[in-house]
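Colleague:
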Amino acid sequence: MSDLSEYGCCILTDVLSPERIALLKTKMDQQYEAEEALGELTPDRGRSNKIVIPNLINKGQHYLELVSHEDTEALASHVLGKQWLLSSLTAHMFKGTTPEVELVHRDQGQVPASLDQPALLNLFYLLDDFTPERGSTVVFPGSHRWPLAHRVHPPAAEKGAQVTVPAGSLFAFEGRLWHATGASQTGHRRRALSVFCSAPWLRQQENALAATSHDLLENADPTLRARLGLKTYGTLGNVNGTRVPHQRVAFGSVDVDLPDFLIGENAQLIPTGKTRLPQSLNTKYSTDV
Ligand SMILES: O=C(O)CCC(=O)C(=O)O
3 MSDLSEYGCC ILTDVLSPER IALLKTKMDQ QYEAEEALGE LTPDRGRSNK
53 IVIPNLINKG QHYLELVSHE DTEALASHVL GKQWLLSSLT AHMFKGTTPE
103 VELVHRDQGQ VPASLDQPAL LNLFYLLDDF TPERGSTVVF PGSHRWPLAH
153 RVHPPAAEKG AQVTVPAGSL FAFEGRLWHA TGASQTGHRR RALSVFCSAP
203 WLRQQENALA ATSHDLLENA DPTLRARLGL KTYGTLGNVN GTRVPHQRVA
253 FGSVDVDLPD FLIGENAQLI PTGKTRLPQS LNTKYSTDV
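Be aware that the sequence shown starts at 3, since it is given in our numbering, and climbs by one per residue.
1) Output yes or no for whether 7 Å exceeds the beta carbon distance between Gly83 and Pro120.
2) Excluding five sequence neighbours on each side, which residues of the same chain lie with their C-beta closer than 8 Å to the C-beta of Pro157?
3) Got a sec? Which residues, its chain only, sit under 6 Å from Glu37 by beta carbon, not counting five neighbours each side?
4) Quick check on Met3: buried or exposed, where buried means 16 or more other Cβ atoms within 10 Å of its Cβ?
5) DSSP puts Val140 in a beta bridge; with which residues?
6) Would you list the one or two residues that DSSP bridges to His94?
7) What first and last residue would you give for the alpha helix (DSSP H) that runs through Leu219?
8) At which residues does the beta strand (DSSP E) containing Glu176 begin and terminate?
9) Could you check if Lys161 is buried or exposed, using at least 16 other CB atoms within 10 Å of its CB as the buried criterion?
10) Can you look up Leu14 in the DSSP assignment and give me helix, strand or coil?
11) Would you decide whether Val154 is buried or exposed? Buried here means 16 or more other CB atoms lie within 10 Å of its CB.
12) Using 7 Å as the threshold, is the C-beta distance between Asn60 and Ser255 below it?
13) From which residue to which residue does the beta strand (DSSP E) around Tyr235 run?
14) At a cut-off of 6 Å, would you count His94 as near ligand 1, judging by its Cβ distance to the nearest heavy atom?
15) Out of Trp86, Asp73, Leu125, Leu219, which one is the CA nearest neighbour of Tyr235?
16) So Ala194 and Phe263 are supposed to be a Cβ contact under 8 Å. How far apart are they, rounded?
17) By how many angstroms is the C-alpha of Gly10 removed from the C-alpha of Ala210?
18) Which word fits Gln112, buried or exposed, when buried means at least 16 other C-beta atoms lie within 10 angstroms of its C-beta?
19) In whole angstroms, what is the alpha-carbon distance linking Ala201 and Arg147?
20) For a quick check, are the C-beta atoms of Ala182 and Val241 less than 7 Å apart?
21) Taking Gly137 and Ala76 to be in contact with their CB atoms under 8 Å, please state how far apart those CB atoms are, rounded to whole angstroms.
22) Leaving out the 5 sequence neighbours to the left and right, which residues in its chain are closer than 8 Å to Ser90 when beta-carbon positions are compared?
23) So, under 8 Å CB-CB, Thr92 and Pro134 are touching, yes? Tell me the CB distance rounded to an integer number of Å.
24) If you draw a straight line from the C-alpha of Leu226 to the C-alpha of Leu172, how long is it?
25) Which class does His107 belong to by DSSP, given the choice of helix, strand or coil?
26) Using alpha carbons as the reference points, say which of Leu129, Gly239, Val17, Asn124 lies closest to Ala24.
27) In this structure, does DSSP put Asp5 in helix, strand or coil?
28) Who does Leu123 pair with in a DSSP beta bridge?
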């Protein structure tokens with residue numbers, strides 16, 4: 003925690019056991035291959051060889067365990083307060099070599115640069131060793147405290163330092179730190195899982211309530227539901243006008259249920275539950291059956 007406040011980043015080693023690393027690597031590779039086979043439905047990966055597998059929330063309990071991991075809880079609560087939100091849960095890897103360092107950025111680039119506090123915290127759980135040859139992250143230690151004039155235009159990538167961190171570590175960097183994905187000479191996969199945490203007043207990177215299966219939301223424990231946004235923070239995050247517990251509470255922190263109905267014009271009830279597969283899959287399914 004003191005490194006985080008001094009340098010804007012920190013490293014905790016030996017956080018994941020070798021067995022857990024092996025399992026997560028296998029699961030991540032399988033997930034990637036399976037999504038690639040989805041054809042038109044494969045998420046858009048962009049043109050870079052740095053691959054991000056989005057929205058791991060629906061993709062297995064083994065990923066959700068990192069959200070409730072004690073080190074996630076400790077660091078995120080320390081930096082962002084106890085009511086932090088899950089901004090996104092993603093997997094990061096390379097597919098072959100990457101010739102250039104990617105964009106140098108601050109994760110909280112969309113928050114006014116004059117804000118002198120972290121609004122985001124990126125927790126990278128490393129499944130492979132991060133080394134400069136493998137394109138480890140380029141960081142500018144201490145840049146989270148740079149004066150305002152240096153917070154908008156990024157520093158030159160060559161002036162940064164690349165981290166060296168062993169697999170199984172947690173590499174944490176806060177939202178004001180200038181950083182970039184390094185160039186990979188070797189083409190090593192360099193796998194990591196990102197638990198991206200935000201202050202409770204900031205919009206989440208993934209639209210969790212639209213992107214999470216309702217089954218998962220209904221069955222999630224209260225802490226996970228809160229991390230995904232089903233808890234109020236002051237006057238934020240209400241499901242207003244439909245039946246929720248503690249209807250009259252305007253301030254504070256209250257668990258919120260997904261309503262079965264919204265109330266529309268002339269009190270017409272609008273059902274919220276919907277599960278519709280794309281037409282092509284529906285046809286395939288009914289033919290197979
Ligand atoms: O892939 C990396 O090394 C850094 C990733 C990054 O820049 C980010 O997630 O904001």
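Every residue, glycine too, gets a C-beta built ideally from N, C-alpha and C.
No experiment lies behind these values; they were computed from the predicted model shown.
Modeller: The short version:
1) Position 81 of the sequence shown holds residue 83. Position 118 of the sequence shown holds residue 120. The answer is no: Cβ separation not under 7 Å.
2) Counting from 1 along the sequence shown, the entry for residue 157 is found at position 155. These residues qualify, in order along the chain: Val106, Phe142, Ser145, Trp180.
3) Translated into the one-based positions of the sequence shown, residue 37 becomes position 35. Around Glu37: Thr44.
4) Within the sequence shown, numbered from 1, the residue matching residue 3 stands at position 1. Under this definition Met3 is an exposed residue.
5) The count along the sequence shown starts at 1 and reaches residue 140 at position 138. Looking at the DSSP assignment, Val140 forms a beta bridge with Gln164, Ala182.
6) Here residue 94 corresponds to residue number 92 of the sequence shown, with the count starting at 1. Bridge partners of His94: Val54, Ala194.
7) Position 217 of the sequence shown, counted from the first residue, corresponds to residue 219. Bounds of the alpha helix (DSSP H) holding Leu219 are 216–221.
8) Locating residue 176 in the sequence shown gives position 174, counting from the first residue. Going by DSSP, Glu176 is part of the beta strand (DSSP E) stretching over 172–176.
9) Numbered from its first residue, the sequence shown carries residue 161 at position 159. It is exposed - the Cβ of Lys161 has fewer than 16 other Cβ atoms within 10 Å.
10) Within the sequence shown, the letter at position 12 stands for residue 14. In the structure shown, Leu14 sits in a strand (DSSP, three-state: E or B).
11) By one-based count along the sequence shown, residue 154 stands at place 152. That one is exposed.
12) Position 58 of the sequence shown, counted from the first residue, corresponds to residue 60. Position 253 of the sequence shown, counted from the first residue, corresponds to residue 255. Not a contact, by the Cβ cut-off of 7 Å.
13) The sequence position of residue 235 within the sequence shown is 233, counting from 1. Looking at the DSSP string, Tyr235 is not in any beta strand (DSSP E), and its letter there is neither H nor E.
14) Here residue 94 corresponds to residue number 92 of the sequence shown, with the count starting at 1. Short note on His94: C-beta closer than 6 Å to some heavy atom of ligand 1.
15) Counting from one through the sequence shown, the residue named residue 235 turns up at place 233. The shortest Cα separation from Tyr235 among Trp86, Asp73, Leu125, Leu219 belongs to Trp86.
16) By 1-based counting over the sequence shown, the position of residue 194 is 192. By 1-based counting over the sequence shown, the position of residue 263 is 261. Going by Cβ atoms, the distance from Ala194 to Phe263 rounds to 41 Å, so no, they are not a contact pair.
17) One-based indexing of the sequence shown puts residue 210 at position 208. One-based indexing of the sequence shown puts residue 10 at position 8. Separation of Ala210 and Gly10 (C-alpha to C-alpha, rounded to the nearest whole angstrom) is 27 Å.
18) What you label residue 112 is simply residue 110 of the sequence shown in a count that begins at 1. So Gln112 ends up on the exposed side.
19) The count along the sequence shown starts at 1 and reaches residue 201 at position 199. The count along the sequence shown starts at 1 and reaches residue 147 at position 145. When rounded, the distance between both Cα atoms is 18 Å.
20) Sequence index remark: in the sequence shown, residue 182 carries index 180 (1-based). Sequence index remark: in the sequence shown, residue 241 carries index 239 (1-based). The beta carbons of Ala182 and Val241 sit no closer together than 7 Å.
21) Within the sequence shown, residue 137 is the residue found at index 135, counting from 1. Within the sequence shown, residue 76 is the residue found at index 74, counting from 1. In fact, because the Cβ distance is near 28 Å, the residues do not count as touching under 8 Å.
22) Residue 90 sits at position 88 when you count from the first residue of the sequence shown. So the list reads Pro56, Asn57, Ser196, Phe198, Gln206, Gln207, Glu208, once near-sequence residues are dropped.
23) For this step, residue 92 is matched to residue 90 along the sequence shown. For this step, residue 134 is matched to residue 132 along the sequence shown. The C-beta distance from Thr92 to Pro134 rounds to 23 Å, too long to fall under 8 Å, and the pair is not in contact.
24) Looking up residue 226 in the sequence shown gives position 224. Looking up residue 172 in the sequence shown gives position 170. Leu226 and Leu172: Cα-Cα distance of roughly 20 Å.
25) In the sequence shown, counting from the first residue as 1, residue 107 sits at position 105. Strand, per DSSP.
26) As a first step, residue 24 must be located in the sequence shown, where it is residue number 22. Taking the Cα of Ala24 as reference, the smallest distance to any Cα among Leu129, Gly239, Val17, Asn124 is reached at Leu129.
27) The count along the sequence shown starts at 1 and reaches residue 5 at position 3. Three-state result, Asp5: helix.
28) The residue given as residue 123 occupies position 121 in the sequence shown. Bridge pairing for Leu123: Glu176, Cys199 [DSSP].
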